[in-house]
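Chemist: Residue numbers (the numbering used here): 394 to 610.
The beta carbon of each residue, even a glycine, is placed where N, CA and C say it ideally should be.
Take a look at the structure:
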């Protein structure tokens, strides 16, 4: 019998700093939190408070000096570089503020890049239909609006069927109306069972989540 914890992520006394000696800056000063499986959680705080650093550590992109970080039964500090790469491929989907789409690939091809990385990828045509992208699938990123580009980025992240969707200021480059549409989309994805962790400095955006983790300077 395999017991699955309700807590997908468990963080204990997580500490991260940059620099050494007099130039050392402590960014994360003992973070403790638990994030439930199937929840939507926002990391709220001002610029420079360490939100994106925390997200990057969760994403296996940055290391940390002290503490424990368990994600779906894996202790990240014990993983080798090869294991971290596999963790990112199998467990995570990333959505960024500035989309990071490949400019010379069509909308559909950008999504296919994500699907290629997954062991059990979703059906791309179904995904485009769900996100309202079918009629734009042959367009290149510079032919899309900001909202269309962000929906494409979300589709690319979802295409490999990740356990967790990590979003770094996903509405930061969008106008208020389009930003709210993106958030409503993320809420719908969460209702379907996707665990979403999102960085924002906007209380209005953070309010979409039932759980907020406030990171201060």
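Determine the direct distance from the alpha carbon of residue 462 to that of residue 525, and round the result to whole angstroms.
Modeler: Computed Cα separation, rounded: 36 Å.
Chemist: By DSSP, does residue 437 sit in helix, in strand, or in coil?
Modeler: The answer is strand: DSSP assigns residue 437 an E or B state.
Chemist: Which partner residues of residue 518 appear in the DSSP bridge assignment?
Modeler: Answer by DSSP bridge pairing: none, since residue 518 is not bridged.
Chemist: The beta strand (DSSP E) that contains residue 460, what's its start and end?
Modeler: Counting along the chain, the beta strand (DSSP E) containing residue 460 begins and ends at 459-464.
Chemist: Whole angstroms is fine: what's the gap from residue 455's alpha carbon to residue 484's?
Modeler: Computed Cα separation, rounded: 16 Å.
Chemist: Can you check whether the CB of residue 486 is closer than 8 Å to the CB of residue 553?
Modeler: Contact: yes.
Chemist: Going by C-alpha to C-alpha distance, which of 441, 410, 490, 424 sits closest to residue 567?
Modeler: If we check each option's Cα against that of residue 567, 490 comes out closest.
Chemist: Compare the Cα-Cα distances from residue 341 to each of 467, 535, 471, 527 and report the closest residue.
Modeler: The shown model of the chain, from 394 to 610, leaves out residue 341, and the question about it has no answer.
Chemist: Who does residue 593 pair with in a DSSP beta bridge?
Modeler: Looking at the DSSP assignment, residue 593 forms a beta bridge with 437.
Chemist: With three or more C-beta pairs closer than 8 Å as the rule, is the stretch 472-479 touching the stretch 509-522?
Modeler: No, the stretch 509-522 does not touch the stretch 472-479.
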